[in-house]
């Protein structure tokens, strides 16, 4: 795998090179000391993956990520000294198109590199993802039991996203007022350790309260609930949400397909679901399952997607009722619910 390193600190570059050279298949093709240099180097030679620092002179990693994804798009992994300490910039970078984030490996007194294995695992997973070696969701759900909670009149909105998701989620969710009479469930491809930071980053930018989903949680009107797991989020026969290790062979964790399929199986009413920007095909089959249950389904369009993978897959199989730019999705949801409410009173 051809790798580009973007970092202004010699000690960090040394530790990254030490970790990468432990895998014969990895080759560092260039090193940039700031974001602007990275944009230029990427234009000359686009690598298979870029390891992007965030805090650098001349141009930071967020702006560099944004420019690279606009001009010479390629997989970007944020590698920073403190993921939690730089959480705001991490989510800005992920909103601009970075796939994931990991702490910079540290060279120990004996020359070992702490956290190097985690970096290599993430590079491997991104390599699988960009090589489209992922497996689609194949979980089969049992027939639903009688609902144990009152759902009549509760509108359920499911949002699935990956690359570029944080920014698009902000754009869509910020269009809804406080106490909006619908329950939002978000499945974002993200390690569980980062999700609380994403919730904190998102909360001040939207009017509705946002929280992570606890095992056994119910969908609540006027609230945004976000999956926080390295496994999968599923709906249970009791119409609560739970976390499940199955299917173990699914590449995506949490998988949008797995969650959407479970909701299609158990939720007794038609709702709204949107599949947003992201690499790969996760969520397309799940969106189709909801579409076949008379849900109003939306796929983000090519022009507004950071990566047009997941929504493209949904559009190709006819899973989307509408294909819309991100800027129109919030309004489309509101209009649909208003029309639905008006029809009930006719």
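Residue numbers (this note's numbering): 685 to 1030.
Backbone N, C-alpha and C fix where the C-beta goes; we use that ideal spot for every residue, glycine too.
In this text the structure is predicted, and so the values were computed from the model without any measurement.
Check: Sub-7 Å separation of residue 892 and residue 906 beta-carbons; Outcome: yes
Check: Cα-Cα separation, residue 742 to residue 719; Outcome: 7 Å
Check: Secondary structure of residue 992, DSSP reduced to three states; Outcome: strand
Check: Span of the beta strand (DSSP E) around residue 783; Outcome: Counting along the chain, residue 783 falls outside any beta strand (DSSP E), and DSSP gives it neither H nor E.
Check: Helix, strand or coil at residue 885 [DSSP, three-state]; Outcome: helix
Check: Residues of its chain near residue 899, where Cβ-Cβ distance is below 7 Å and the 5 sequence neighbours each way are ignored; Outcome: 926 and 927
Check: Beta carbon of residue 1010 nearer than 7 Å to that of residue 855; Outcome: yes
Check: Residue 901, DSSP secondary structure in three states; Outcome: strand
Check: Residues bridged to residue 962 (per DSSP); Outcome: 992
Check: Inter-stretch contact at 8 Å, needing at least 3 Cβ pairs: the stretch 983-990 / the stretch 879-896; Outcome: no
Check: Cross-strand partners of residue 771 (DSSP beta bridge); Outcome: Paired residue(s): none; residue 771 is not in a bridge.
Check: Supposed contact pair residue 943 and residue 1007 - C-beta distance, whole angstroms, cut 8 Å; Outcome: The Cβ separation is near 21 Å, so there is no contact.
Check: N-terminal and C-terminal residue of the beta strand (DSSP E) that residue 910 is part of; Outcome: 907-910
Check: Minimum C-alpha distance to residue 699 - residue among 787, 922 and 865; Outcome: 787
Check: For residue 1020, three-class secondary structure by DSSP; Outcome: helix
Check: Residue environment, residue 968, which counts as buried when at least 16 other CB atoms sit within 10 Å; Outcome: buried
Check: Where the beta strand (DSSP E) through residue 706 begins and ends; Outcome: Element bounds for residue 706: n/a, residue is neither H nor E.
Check: Residues sharing a beta bridge with residue 871, DSSP; Outcome: 844
Check: Backbone secondary structure at residue 895 - three-state DSSP; Outcome: strand
Check: Beta-carbon proximity of residue 937 to residue 966, cut-off 7 Å; Outcome: no
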